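Enquirer: Just so you know, the protein sequences line up as chains A and B, in that order.
Counting from 1 along the first sequence, just add 30 to a position and that's the residue number in our numbering.
Counting from 1 along the second sequence, just add 35 to a position and that's the residue number in our numbering.
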Amino acid sequence: MTKSVEVSGNNNIFSSLRASAGKIGKTIASTFSKFSAEGKIGIFGLICILLMAALAPLITLYPPQKITGDSLEAPGTAHILGTDELGMDIWSQICYGARMSLLIGLAVAFISGFGGGAVGILAGYMGGFVDLALMRVIDVTMALPSFPLLIVISAFLGPSVFNVIFILVLFSWAKPARIARSQTLSIKKNNYIVAARNYGAKPFYILRRHIFPEVLPVLFILVIGISSHAIIAEAGLAFLGLGDPTSKSWGMMLNNATSFKSIYFTPYWQWWLLPPLFMLIGLLLCLAFIGRDMERIFDPKLMIKKGFQS
Amino acid sequence: MARDRNSFLFKFMLTLLVIIVINFFLPRIMPGDPFSMTSDIDSGDEVIVMTEQQRLYYTEYYGLHLPLHEQFVIYIKNLIKGDLGKSIYYKMSVIDVIRLHLPWTMLIVLASTVFSTIAGVILGIFSAKNRKKGSDRLMMAGMIAFAEIPSFLLGLILLLIFNVYLQLFPLAGAVTPFAVYGGLLDHIWDIAYHAFLPVMTLSFAQLTGVYLLTRNSLITVTSKDYIRTARSKGLGEKIVWNRHALRNALLPVVTRAGFMIGIMMGGVVLVESVFSYPGVGMLLRSAVIARDYPLIQGVLLVIAVSILVCNFLVDKIYCKLDPRVSI
Numbered sequence: 031m032t033k034s035v036e037v038s039g040n041n042n043i044f045s046s047l048r049a050s051a052g053k054i055g056k057t058i059a060s061t062f063s064k065f066s067a068e069g070k071i072g073i074f075g076l077i078c079i080l081l082m083a084a085l086a087p088l089i090t091l092y093p094p095q096k097i098t099g100d101s102l103e104a105p106g107t108a109h110i111l112g113t114d115e116l117g118m119d120i121w122s123q124i125c126y127g128a129r130m131s132l133l134i135g136l137a138v139a140f141i142s143g144f145g146g147g148a149v150g151i152l153a154g155y156m157g158g159f160v161d162l163a164l165m166r167v168i169d170v171t172m173a174l175p176s177f178p179l180l181i182v183i184s185a186f187l188g189p190s191v192f193n194v195i196f197i198l199v200l201f202s203w204a205k206p207a208r209i210a211r212s213q214t215l216s217i218k219k220n221n222y223i224v225a226a227r228n229y230g231a232k233p234f235y236i237l238r239r240h241i242f243p244e245v246l247p248v249l250f251i252l253v254i255g256i257s258s259h260a261i262i263a264e265a266g267l268a269f270l271g272l273g274d275p276t277s278k279s280w281g282m283m284l285n286n287a288t289s290f291k292s293i294y295f296t297p298y299w300q301w302w303l304l305p306p307l308f309m310l311i312g313l314l315l316c317l318a319f320i321g322r323d324m325e326r327i328f329d330p331k332l333m334i335k336k337g338f339q340s
Numbered sequence: 036m037a038r039d040r041n042s043f044l045f046k047f048m049l050t051l052l053v054i055i056v057i058n059f060f061l062p063r064i065m066p067g068d069p070f071s072m073t074s075d076i077d078s079g080d081e082v083i084v085m086t087e088q089q090r091l092y093y094t095e096y097y098g099l100h101l102p103l104h105e106q107f108v109i110y111i112k113n114l115i116k117g118d119l120g121k122s123i124y125y126k127m128s129v130i131d132v133i134r135l136h137l138p139w140t141m142l143i144v145l146a147s148t149v150f151s152t153i154a155g156v157i158l159g160i161f162s163a164k165n166r167k168k169g170s171d172r173l174m175m176a177g178m179i180a181f182a183e184i185p186s187f188l189l190g191l192i193l194l195l196i197f198n199v200y201l202q203l204f205p206l207a208g209a210v211t212p213f214a215v216y217g218g219l220l221d222h223i224w225d226i227a228y229h230a231f232l233p234v235m236t237l238s239f240a241q242l243t244g245v246y247l248l249t250r251n252s253l254i255t256v257t258s259k260d261y262i263r264t265a266r267s268k269g270l271g272e273k274i275v276w277n278r279h280a281l282r283n284a285l286l287p288v289v290t291r292a293g294f295m296i297g298i299m300m301g302g303v304v305l306v307e308s309v310f311s312y313p314g315v316g317m318l319l320r321s322a323v324i325a326r327d328y329p330l331i332q333g334v335l336l337v338i339a340v341s342i343l344v345c346n347f348l349v350d351k352i353y354c355k356l357d358p359r360v361s362i
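Here's what the structure looks like:
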């Protein structure tokens, strides 16, 4: 008896899970069909880079940090994209480097996007002194010159993946927090929130059921923007020699190539400098295309404000 | 509104204070001791380059034996006096090193502000006039995609095309080394020749912002009633554009130009590194490589303060230009 109840309970959970999964799948499909050609290119490119990062050990012949060939070999059959000055395979470095860029981009974007968003929603909902104090902190954080400070802090704290993510989160949580706060403020005034509260809904319930789902689309758009900022910042830091020396990232490859003494007077730049450069630009463009389409689909008002009306 | 102005000044001071506090505490919470050169911490072979006596002398000299709040007061006093400490690498006072490099950065930042503003406004006007035609659509899409490329990657591409492949411009520096100039004009030409690509890079990175702003603000303004009135009065298209539309539409562009200086001061570090241009950005990079901490802090302070001052001035200028704001 009890068993059957359990089973049916499980069934219920499963069916509701399946239903919600189907719903999410349907939303994703319908969202995708609304994407423009650019957006589809963006998604396709991003998936390619994700696959490259995920399948790096399968699609490369050599480990990225082992000397497997002669120094500065031109692209050929043994090394598809040639080797760098230490004789390490460039294609392997590109594939493993994708992991670094994506890891930092996604980690920073999700932590600061949803963390900052949560802080903003809470402050907006609670109001009062907390809200006022948070606004001050946000104002100052946004006024700080982020990139010079990034350089200095990572120079002092020492380069490691964790430090880079930590510092980038420190500088990028403010924007989602501010936008989530202002959204919350405008949603809070709606009658249905007041009604829910009069029915005895707890603050946490209102936040979870009514406010968070409304703010979520905007946060998603911001997450894309933040991730491309984080990728740029990581590449910039690594380019300045402030990346994590134990892991190869695209920015680090640029740094190695440009600090090679006679790179510009030899043909080496063609296979050493160009691949990471194009990969970075490609990734950023893909993210930008996706972000712009998401903006158009989720929030037509936002677009008009940002001036994309024609 | 007066309260808003005050809060703006308050925000400015607060931001400055935060930067100074970060600047003060960073080296003090950093792991390690400036007096012991550790080559390898794990194996424990710490190479002590100073005797105990010297160490005490320097601790006293830098005031490191004092409690933290007294150190902070001394630090602020020195800042007010313009004393940023001494560069380890250059063996000069930090402020002098920065003074040598700052003019180059100011040159390229100002030049690119002027250039990108002018070019962006012209393109924006063109786009707004041809609104909803193919040329406008194409330009919008191109410019927006273009804006996604960060300035230092753009700089690398320009460097590879023009300096390495076509060999049109010099690879590094701000002037030809050991050059003897025939005259002032020659000298200016040489500086412009070296600054051309860094300026182009910085301007291209900012162009889209100005372009979009000009275009959208023109589109908003031209749909206003007073433009229709001006047209119905029988004024020529030229007068309507120049006197009625542009004057009002370009106000936000002025603000944008000011903020742009701030944004560029951040991006200039990387662009200067790409072109080995001897401004403060390049200085910051070499200071980071040489682990020259006083210099790093000094450069940060100079960059941060110039960004803050720019934003502050923009706010002041905007009030003068647009009387509606201060009412």
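Note that beta-carbon positions come from the ideal geometry of N, C-alpha and C, so glycine has one too.
Computed from a predicted structure; not experimentally measured.
Please report the straight-line C-alpha distance between Ala287 of chain A and Ile293 of chain A, rounded to a whole angstrom.
Expert: Looking at the two C-alpha atoms, the distance is approximately 7 Å.
Enquirer: Give me the subset of the segment 158–186 of chain A whose CB atoms are less than 8 Å from a CB atom of chain B, sorted by chain position.
Expert: If the cut-off is 8 Å between Cβ atoms, the segment 158–186 of chain A has Arg166, Asp169, Val170, Ala173, Leu174, Pro175, Ser176, Phe177, Pro178, Leu179, Ile181, Val182, Ile183, Ala185 and Phe186 near chain B.
Enquirer: Give the residues of chain B in contact with Trp299 of chain A, contact being defined as C-beta atoms less than 9 Å apart.
Expert: Here the neighbours are Leu195 and Val199.
Enquirer: Count the other CB atoms within 10 Å of the CB of Asp260 of chain B; is the residue buried (16 or more) or exposed (fewer)?
Expert: By the neighbour-count rule (16 or more Cβ atoms within 10 Å), Asp260 of chain B is not buried but exposed.
Enquirer: Relative to chain B, which residues along the segment 209–240 of chain A have a C-beta separation below 9 Å, given in chain order?
Expert: Flagged: no residues at all.
Enquirer: Find the residues of chain B that neighbour Ala260 of chain A, judging by a C-beta separation of less than 7 Å, and give them in chain order.
Expert: Here the premise fails: no neighbours, minimum Cβ distance about 12 Å.
Enquirer: Under 8 Å, do Ile311 of chain A and Leu188 of chain B count as touching if we go by C-beta distance?
Expert: Yes, these two residues count as a Cβ contact at 8 Å.
Enquirer: Whole angstroms is fine: what's the gap from Tyr353 of chain B's alpha carbon to Asp169 of chain A's?
Expert: Rounded to the nearest angstrom, the two C-alpha atoms are 20 Å apart.
Enquirer: Determine the closest residue to Glu244 of chain A out of A:Ile197, A:Tyr229, A:Ser216 and A:Ile262, with distance taken between C-alpha atoms.
Expert: When only C-alpha atoms are compared, the closest one is A:Ser216.
Enquirer: From the DSSP output, read off the bridge partner residues of Asp119 of chain A.
Expert: DSSP lists A:Thr113 as partners of Asp119 of chain A.
Enquirer: Kindly list the residues whose CB is nearer than 8 Å to the CB of Leu318 of chain B, restricted to its own chain and excluding five residues on each side of it in sequence; keep chain order.
Expert: Taken in chain order, the residues that qualify are Val132, Ile133, His136, Leu330 and Val334.
Enquirer: What is the rounded straight-line gap between the Cα of Phe290 of chain A and the Cα of Arg320 of chain B?
Expert: For Phe290 of chain A and Arg320 of chain B, the distance between alpha carbons rounds to 16 Å.
Enquirer: Compare the C-beta of Gly312 of chain A with all C-beta atoms of chain B and state if any pair is closer than 8 Å.
Expert: With 8 Å as the cut-off, Gly312 of chain A does not count as an interface residue toward chain B.
Enquirer: Curious, which full-length alpha helix (DSSP H) runs of at least 4 residues does the segment 177–244 of chain B contain?
Expert: As far as the segment 177–244 of chain B is concerned, its whole alpha helix (DSSP H) runs of at least 4 residues are 186–193.
Enquirer: Quick one: does Leu206 of chain B have its CB under 8 Å from some CB of chain A?
Expert: Yes - at least one Cβ of chain A is within 8 Å of the one on Leu206 of chain B.
Enquirer: Rounded to whole angstroms, what is the Cα-Cα separation between Trp224 of chain B and Tyr216 of chain B?
Expert: The alpha-carbon atoms of Trp224 of chain B and Tyr216 of chain B are separated by roughly 10 Å.
Enquirer: Put Lys121 of chain B into one of helix, strand or coil per three-state DSSP.
Expert: If DSSP states are grouped into helix, strand and coil, Lys121 of chain B belongs with the strands.
Enquirer: For Gly190 of chain B, which residues in the same chain have their Cβ closer than 6 Å to its Cβ, ignoring the five residues on either side in sequence?
Expert: Once the five neighbours on either side are set aside, the close Cβ partners of Gly190 of chain B are Thr236, Val306 and Val309.
Enquirer: Alpha carbon to alpha carbon, how far is Leu116 of chain A from Lys239 of chain B? Give it in angstroms, no decimals.
Expert: It is worth fixing the name first, because residue 239 of chain B is Phe in this sequence and not Lys. Rounded to whole angstroms, Phe239 of chain B to Leu116 of chain A spans 35 Å at the Cα level.
Enquirer: Using only the alpha-carbon positions, how far apart do Ile55 of chain B and Leu336 of chain B sit?
Expert: So the alpha carbons of these two residues sit roughly 7 Å apart.
Enquirer: For chain A, is any of its Cβ atoms less than 8 Å away from the one on Thr249 of chain B?
Expert: Closer than 8 Å: no.
Enquirer: At a cut-off of 7 Å, is Lys273 of chain B close to the ligand ZN when judged by its beta-carbon and the heavy atoms of the ligand?
Expert: Although the ligand ZN was asked about, the structure shown includes no ligands whatsoever.
Enquirer: Since Leu252 of chain A meets chain B, which of its residues come closer than 7 Å, beta carbon to beta carbon?
Expert: Residues of chain B passing the Cβ test: none, with the nearest at roughly 16 Å.
Enquirer: Can you find a CB in chain B that lies within less than 8 Å of the CB of Ala318 of chain A?
Expert: By this cut-off, Ala318 of chain A is an interface position.
Enquirer: So which residues of chain B does Leu315 of chain A contact, with C-beta pairs closer than 8 Å?
Expert: Under the 8 Å cutoff, chain B gives Ala180, Glu183 and Ile184.
Enquirer: So with Cβ pairs under 8 Å, would you call Lys46 of chain B a contact of chain A?
Expert: It does: the Cβ of Lys46 of chain B has a partner Cβ on chain A nearer than 8 Å.
Enquirer: For Thr214 of chain A versus Gly158 of chain A, is the C-beta spacing smaller than 8 Å?
Expert: Their beta carbons are not under 8 Å apart, which means Thr214 of chain A does not touch Gly158 of chain A by this criterion.
Enquirer: Which residues in chain B sit within 9 Å of Gly271 of chain A, going by Cβ to Cβ distance?
Expert: Within chain B, the residues near Gly271 of chain A are Arg320, Val323 and Ile324.
Enquirer: Closer than 8 Å between beta carbons: that is the criterion. Which residues of the segment 291–313 of chain B meet it against chain A?
Expert: Per Cβ criterion, the list reads Gly297, Met300, Gly301, Gly302, Val304, Leu305, Ser308 and Val309.
Enquirer: I'd like to know if Leu49 of chain B contacts chain A, where contact means its C-beta is closer than 8 Å to some C-beta of that chain.
Expert: By this cut-off, Leu49 of chain B is an interface position.
Enquirer: Looking only at its chain, what residues have a beta carbon closer than 6 Å to the beta carbon of Ser122 of chain A, apart from the 5 residues adjacent to it on each side?
Expert: Excluding sequence neighbours, Ser122 of chain A sits near Thr90, Tyr92 and Pro94.
Enquirer: Going by DSSP in three states, Ser170 of chain B sits in which element: helix, strand or coil?
Expert: Three-state DSSP puts Ser170 of chain B in a helix.
Enquirer: Run through chain B and tell me which residues come within less than 7 Å of Leu136 of chain A, C-beta to C-beta.
Expert: None at all; the shortest Cβ gap to chain B is about 18 Å.
Enquirer: For the alpha helix (DSSP H) containing His104 of chain B, list its first residue and its last residue.
Expert: First-last of the alpha helix (DSSP H) with His104 of chain B: Leu103 to Lys116.
Enquirer: Output the boundary residues of the alpha helix (DSSP H) element that contains Val309 of chain B.
Expert: Val309 of chain B -> alpha helix (DSSP H) spans Leu286 to Phe310.
Enquirer: Could you check if Asn346 of chain B is buried or exposed, using at least 16 other CB atoms within 10 Å of its CB as the buried criterion?
Expert: Label assigned to Asn346 of chain B: buried.
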